[in-house]
Amino acid sequence: MIDKNLIEAENAGRQADLAQDYQSLGERLARRGVDIDALTDRARAFGVAVPSWGTGTGGTRFARFPGLGEPRGIMDKMDDCGVIHQLTDATPSVSLHIPWDKTDPALLLEKAEETGLGFDAMNSNTFQDQPDQAYSYKFGSLSHTDAATRQQAVEHNLECIEIGQAIGSKALTVWIGDGSNFPGQTSLSRQFDRYLDSMKQVYAGLPEDWRIFSEHKIYEPAFYSTVVQDWGTSLMIAQELGDKAQCLVDLGHHAPNVNIEMIVARLIRAGKLGGFHFNDSKYGDDDLDSGTIEPFRLFLVFNELVELEDTPGLNLAHMIDQSHNVTDPIESLIVSACEIQRAYVQASLVDRTALEGYRQDNDALMAAATLRAAFRTDVEPILAMARARAGAAIDPIAAYRASGYRAHVAQTRPRVASGGGGIV
Ligand SMILES: [Mn+2]
Numbered sequence: 001m002i003d004k005n006l007i008e009a010e011n012a013g014r015q016a017d018l019a020q021d022y023q024s025l026g027e028r029l030a031r032r033g034v035d036i037d038a039l040t041d042r043a044r045a046f047g048v049a050v051p052s053w054g055t056g057t058g059g060t061r062f063a064r065f066p067g068l069g070e071p072r073g074i075m076d077k078m079d080d081c082g083v084i085h086q087l088t089d090a091t092p093s094v095s096l097h098i099p100w101d102k103t104d105p106a107l108l109l110e111k112a113e114e115t116g117l118g119f120d121a122m123n124s125n126t127f128q129d130q131p132d133q134a135y136s137y138k139f140g141s142l143s144h145t146d147a148a149t150r151q152q153a154v155e156h157n158l159e160c161i162e163i164g165q166a167i168g169s170k171a172l173t174v175w176i177g178d179g180s181n182f183p184g185q186t187s188l189s190r191q192f193d194r195y196l197d198s199m200k201q202v203y204a205g206l207p208e209d210w211r212i213f214s215e216h217k218i219y220e221p222a223f224y225s226t227v228v229q230d231w232g233t234s235l236m237i238a239q240e241l242g243d244k245a246q247c248l249v250d251l252g253h254h255a256p257n258v259n260i261e262m263i264v265a266r267l268i269r270a271g272k273l274g275g276f277h278f279n280d281s282k283y284g285d286d287d288l289d290s291g292t293i294e295p296f297r298l299f300l301v302f303n304e305l306v307e308l309e310d311t312p313g314l315n316l317a318h319m320i321d322q323s324h325n326v327t328d329p330i331e332s333l334i335v336s337a338c339e340i341q342r343a344y345v346q347a348s349l350v351d352r353t354a355l356e357g358y359r360q361d362n363d364a365l366m367a368a369a370t371l372r373a374a375f376r377t378d379v380e381p382i383l384a385m386a387r388a389r390a391g392a393a394i395d396p397i398a399a400y401r402a403s404g405y406r407a408h409v410a411q412t413r414p415r416v417a418s419g420g421g422g423i424v
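Per the numbering used here, the sequence shown starts with residue 1, numbered consecutively.
Encoded structure:
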């Protein structure tokens with residue numbers, strides 16, 4: 001972890017400017033009838049989970065270029081996640097991937113206590129073979145033609161629930177790579193039937209207070225058809241399984257130009273939106289840092305979430321799912337958490353009364369202008385003040401670099417050529 005004194009010293013040099021910027025923004029927001037401290041409180045209450053696998057350098061199907069001091073296992077990953085939360089106060093939990101993060105649950109709980117973190121949704125992995133498994137997932141897992149292979153995948157998911165229960169997680173995210181690469185290779189309907197049958201067995205093993213999330217993805221690794229291809233399929237799954245089943249929206253898992261905010265609104269309407277995997281993309285499932293390519297789209301997603309936040313039963317798991325190829329993963333995750341929080345705060349200052357009035361009057365121009373007014377507001381002083389009030393860093397990247405954390409851990413973590421840089 002990073003020395004508290006260093007964070008305080010870093011903040012001391014920035015406190016006066018922040019106070020001035022915060023007051024100035026507060027005055028401007030007051031003219032719009034917005035209380036800046038209420039927004040800061042909202043920012044402080046917002047959290048997004050960090051994916052354990054995001055702390056290692058990712059890779060593409062061409063190569064992986066490891067960085068210095070990469071985490072050797074889940075204990076190192078949790079240390080890194082602890083640093084991200086310490087500096088941002090925006091990432092209070094970690095999402096684990098099994099079997100990559102499999103270890104004694106007592107050690108996980110101990111490390112969680114030490115780093116001040118909790119555990120968000122568990123993630124199962126049936127998209128690759130493990131050295132000790134009896135059956136291969138080359139031709140599918142939960143939807144495989146072979147019953148024994150499906151059973152193995154079901155049992156793996158049940159094991160993820162068991163591990164999750166031991167560490168206080170309350171949800172399981174299921175994403176599979178199952179599909180086909182050739183027309184005719186599989187029966188599109190019977191493959192889906194087999195998937196649903198397997199998922200019903202996993203669902204039956206779900207504790208009463210748990211949820212299961214179905215994560216759709218349009219393509220890759222299967223390139224002709226994918227079993228859980230789109231939000232319609234995901235909704236069918238969640239509806240057929242039952243009340244504890246919901247849909248998880250990964251922002252990168254759609255065709256280009258798809259209106260994701262509309263999907264969000266529809267799933268909330270159905271009572272089936274369970275959570276998100278945040279990331280950004282230009283062409284496909286690029287797993288780029290949140291808010292770096294299309295910040296307006298991220299804002300529009302949060303605009304729906306804030307507009308519908310009082311929907312009874314809405315309980316969202318906010319998680320990041322990214323692959324960092326050219327940056328220090330800790331820095332990317334810090335920036336991403338702040339960008340997700342930024343979109344939430346911007347969406348929170350939309351004048352909803354005015355917006356609804358313009359909608360009623362069919363004043364399209366002013367309705368759009370109302371959203372833009374919120375999106376264009378520089379809320380950085382709010383985010384920085386939220387961090388300062390929590391004892392986190394006013395400028396998290398500057399504090400991280402000043403800490404020398406990466407160089408320090410590099411002394412004890414040898415350079416690794418491979419490792420879990422999962423992209424899902
Ligand atoms: Mn994902």
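Positions of the beta carbon are idealized from the N, C-alpha and C atoms, including for glycine.
Item	Value
What does the Cβ neighbour count give for tyrosine 283, buried or exposed, with the cut at 16 atoms within 10 Å?	exposed
In angstroms with no decimal places, state the Cα-to-Cα distance between alanine 407 and proline 99.	28 Å
Could you tell me whether any non-hydrogen atom of ligand 1 is closer than 8 Å to the CB of glutamate 215?	yes
Rounding to the nearest angstrom, what Cα-Cα distance links tyrosine 405 and aspartate 328 in this structure?	11 Å
Which full runs of the alpha helix (DSSP H) of 4+ residues lie inside the region 164–210, going along the chain?	188–204
Look up phenylalanine 223 in the DSSP assignment and say whether it is helix, strand or coil.	coil
Starting from methionine 366, trace the alpha helix (DSSP H) both ways and give me its first and last residue.	364–375
Which of helix, strand or coil does DSSP assign to valine 424?	At valine 424, the pLDDT of 46 sits below 50, so the modelled position is not reliable; the number obtained from the coordinates is stated separately. Coil at valine 424, not helix or strand.
Quick check: threonine 91 and valine 48, are their CB atoms within less than 9 Å of each other?	yes
My guess is that valine 429 and valine 50 are in contact by the Cβ rule of under 8 Å, so how many angstroms apart are they, rounded?	Nothing can be reported for residue 429, as the shown portion of the chain is limited to 1 through 424.
Suppose you measure from the CA of alanine 428 to the CA of cysteine 247; what does that come to, to the nearest Å?	With the chain covering 1 to 424 only, the question about residue 428 has no answer from this structure.
Starting from the Cα of aspartate 230, find the closest Cα among Trp210, Asp378, Leu251 and give me that residue.	Leu251
For the candidate residues Gln86, Arg359, His318, Glu356, whose alpha-carbon lies nearest to that of tyrosine 344?	His318
With DSSP run on the structure shown, which of helix, strand or coil describes glycine 116?	coil
Mind the definition here: the region 54–71 touches the region 322–336 only if three or more C-beta pairs lie below 8 Å; say whether that holds.	yes
Is the separation between the beta-carbon of valine 149 and that of serine 169 shorter than 9 Å?	According to the sequence shown, residue 149 is threonine rather than valine. Not in contact: threonine 149 and serine 169 (Cβ atoms no closer than 9 Å).
Mapping the DSSP letters down to three states, classify histidine 156 as helix, strand or coil.	helix
Count the other CB atoms within 10 Å of the CB of proline 414; is the residue buried (16 or more) or exposed (fewer)?	exposed
Run through the DSSP bridge pairs and tell me what isoleucine 334 is partnered with.	DSSP, once it has assigned bridges, lists no residue as partnering isoleucine 334.
First and last residue of the beta strand (DSSP E) that includes methionine 319?	317–320
Going by beta carbon distance, what residues of the same chain come within less than 8 Å of leucine 39, once the five residues before and after it are set aside?	Leu29, Val345, Ser348, Leu349, Val379, Ile382
According to DSSP, simplified to helix, strand and coil, what is leucine 288?	strand
Beta-carbon separation of leucine 108 and isoleucine 167 under 9 Å?	yes
Looking at tryptophan 53 and ligand 1, is the gap between the Cβ and the nearest heavy atom below 8 Å?	no
Report the option in His277, Leu267, Ile36 whose CA atom is closest to the CA atom of aspartate 120.	His277
When every heavy atom of ligand 1 is checked, does at least one fall within less than 8 Å of the C-beta of aspartate 178?	no
Return the first residue and the last residue of the beta strand (DSSP E) that aspartate 361 is part of.	First-last for aspartate 361: undefined, no H or E at that position.
Near asparagine 181, which residues of its chain fall below 8 Å by C-beta distance, leaving aside the five closest residues on each side in sequence?	Ala222, Phe223, Tyr224
What do you get for glycine 164, buried or exposed, if any count of 16 or more other CB atoms within 10 angstroms of its CB means buried?	buried
Taking aspartate 351 as the reference, which of Ala369, Leu365, Thr311 has the closest Cα?	Ala369
Using only the alpha-carbon positions, how far apart do aspartate 197 and asparagine 123 sit?	19 Å
Three Cβ pairs or more, each shorter than 8 Å: is that satisfied between the region 172–179 and the region 130–145?	yes
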